[in-house]
Amino acid sequence: MPRIVVLTGAGLSAESGLGTFRDVGGLWSQYDLNEVATPEGFARDPVRVHEFYNMRRANCRAAAPNAAHIALAKATEQLGDALMLVTQNVDDLHERAGAQNVIHMHGRLDGALCHHCDHRWPAPLVMQADDPCPACQVAATRPDVVWFGEMPHEMETITSAIAGADMFVAIGTSGTVYPAAGFVDIAQDHGVESVEINLDPTSGRFDRILQGKATETVPAFVRTLLNS
Ligand code: APR
C-alpha cells in the first residue's frame, strides 16, 4: 500500500509549454469541450475530434519534461511502491522524465482505442477517423483518452490507496473535475495529510499549500520527501 499518493494536473506540464485547460487562454477557452472531448462530440464529428488530438499529440511530441517531471521521476525511482503517481494528464512527459508505473486516469495521447472491439495499440502521430482497427479492421479508431461523461481508469486502485496513505499531494490541478477533484475529500475523511502544490491555492480543503511554479516547488518538495 503506497504511503504517498501524488496526483498531477495540467499545471505540471504548463512550463513545458503545454497549455492548461482553465487558465487564461487555456484549451477550453479556445475549443468547446462538448465538441472535442465528449463521446457525443466524437459521434457528431470524428474528423474534428481527431484533428484536435492530432494537434495535442504534435504539441506533446515537441514539448520536453520540466524540472517538476524530473523530480517526480526521481521520487518514483527512490520510493518505489511507497509512492503512487497518478496523473490526469494525457501527455507522456512523466514517462519521458523516467517516471515508473504512472497511472493515467484520463488515458494517454499516445494510445489508440477501437470503439468497435476495444483493441488498444500505440497511436500514430496523426490519427484519421477512417483508420482501420489493426485487430478487427473496422474504421472505429478513437484516441485512448477519457472524455467527459466516461469513467476514468483505475478509480478503485486510486481511491483505496489514498484512503490508506500517510499523505496525498495534488500538483497543478484546479480541482474542478470529478472524480479527481474529490480525492482531497477522501484524504480528509481518512485523516490523510493533504498537500496542494499550485501557482495559486484552489480551495481551502488542503492541510498544507506550497504556492509557486511547479518547476520550483516540486523539486524542493521532493528533496524534503527523500530526506525525511
Ligand atoms: N505551476 C503550478 N501550477 C500551475 C502552473 C505552474 N506553472 N500553471 C498553472 N498551474 C495550475 C493552475 O493554477 C490550475 O490550478 O494548474 C491548474 C490547471 O488547472 P486546469 O487547467 O483545470 O487543469 P486540470 O486541473 O489538470 O484539469 C483537470 O479537466 O479538462 C479536463 O481532462 C481534463 O485532465 C483534465 C481535467
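Residue numbering for the sequence shown follows the numbering used here, starting at 3 and increasing by one per position.
Even glycine gets a Cβ: it sits at the ideal position worked out from N, Cα and C.
C-alpha gap between residue i and residue j, whole angstroms
{"i": "R210", "j": "V179", "result": "21 Å"}
{"i": "A189", "j": "A101", "result": "24 Å"}
{"i": "L115", "j": "T143", "result": "6 Å"}
{"i": "P4", "j": "I105", "result": "13 Å"}
{"i": "R122", "j": "E158", "result": "22 Å"}
{"i": "A84", "j": "A16", "result": "27 Å"}
{"i": "F170", "j": "A77", "result": "14 Å"}
{"i": "N36", "j": "G82", "result": "38 Å"}
{"i": "F44", "j": "I6", "result": "36 Å"}
{"i": "R98", "j": "P67", "result": "7 Å"}
{"i": "L227", "j": "D133", "result": "46 Å"}
{"i": "E42", "j": "D112", "result": "22 Å"}
{"i": "R24", "j": "V140", "result": "36 Å"}
{"i": "R207", "j": "C135", "result": "44 Å"}
{"i": "Y33", "j": "R58", "result": "12 Å"}
{"i": "E218", "j": "D94", "result": "21 Å"}
{"i": "V186", "j": "T40", "result": "25 Å"}
{"i": "V51", "j": "G19", "result": "22 Å"}
{"i": "V49", "j": "G27", "result": "24 Å"}
{"i": "A65", "j": "E53", "result": "18 Å"}
{"i": "R225", "j": "E152", "result": "36 Å"}
{"i": "S230", "j": "G214", "result": "22 Å"}
{"i": "T22", "j": "S205", "result": "18 Å"}
Segment limits, alpha helix (DSSP H) that includes residue i
{"i": "N36", "result": "35-38"}
{"i": "N103", "result": "Segment: none, N103 is in no alpha helix (DSSP H) and carries neither H nor E."}
{"i": "G13", "result": "12-15"}
{"i": "S162", "result": "157-165"}
{"i": "S31", "result": "29-32"}
{"i": "L212", "result": "Per DSSP, L212 belongs to no alpha helix (DSSP H); it is in the beta strand (DSSP E), 210-213."}
{"i": "V51", "result": "48-64"}
{"i": "R98", "result": "95-98"}
Sub-8 Å separation of residue i and residue j beta-carbons
{"i": "R110", "j": "V92", "result": "yes"}
{"i": "A137", "j": "C119", "result": "yes"}
{"i": "V147", "j": "H155", "result": "no"}
{"i": "H117", "j": "H96", "result": "no"}
{"i": "L14", "j": "G174", "result": "yes"}
{"i": "V220", "j": "L9", "result": "no"}
{"i": "Q80", "j": "A182", "result": "no"}
Residue range of the beta strand (DSSP E) that includes residue i
{"i": "M86", "result": "85-89"}
{"i": "G109", "result": "109-116"}
{"i": "F170", "result": "169-173"}
{"i": "V147", "result": "143-147"}
{"i": "E198", "result": "195-200"}
Nearest neighbour of residue i, chosen from the options [CA to CA]
{"i": "A60", "options": "V148, L227, V128, V224", "result": "V128"}
{"i": "A12", "options": "A75, L201, P145, M57", "result": "L201"}
{"i": "A216", "options": "R207, E198, N229", "result": "E198"}
{"i": "P145", "options": "L87, V38, R207, T22", "result": "V38"}
{"i": "A125", "options": "S31, R207, Y33, Y55", "result": "Y55"}
{"i": "A69", "options": "F223, N229, S230", "result": "F223"}
{"i": "F150", "options": "S18, W30, G19", "result": "W30"}
{"i": "A172", "options": "M153, L87, A65", "result": "L87"}
{"i": "P203", "options": "G27, S176, N229", "result": "S176"}
{"i": "T161", "options": "N103, G21, M107", "result": "M107"}
Kindly confirm or deny that the region 192-208 and the region 153-171 touch, where touching means at least three C-beta pairs closer than 8 Å.
-> yes
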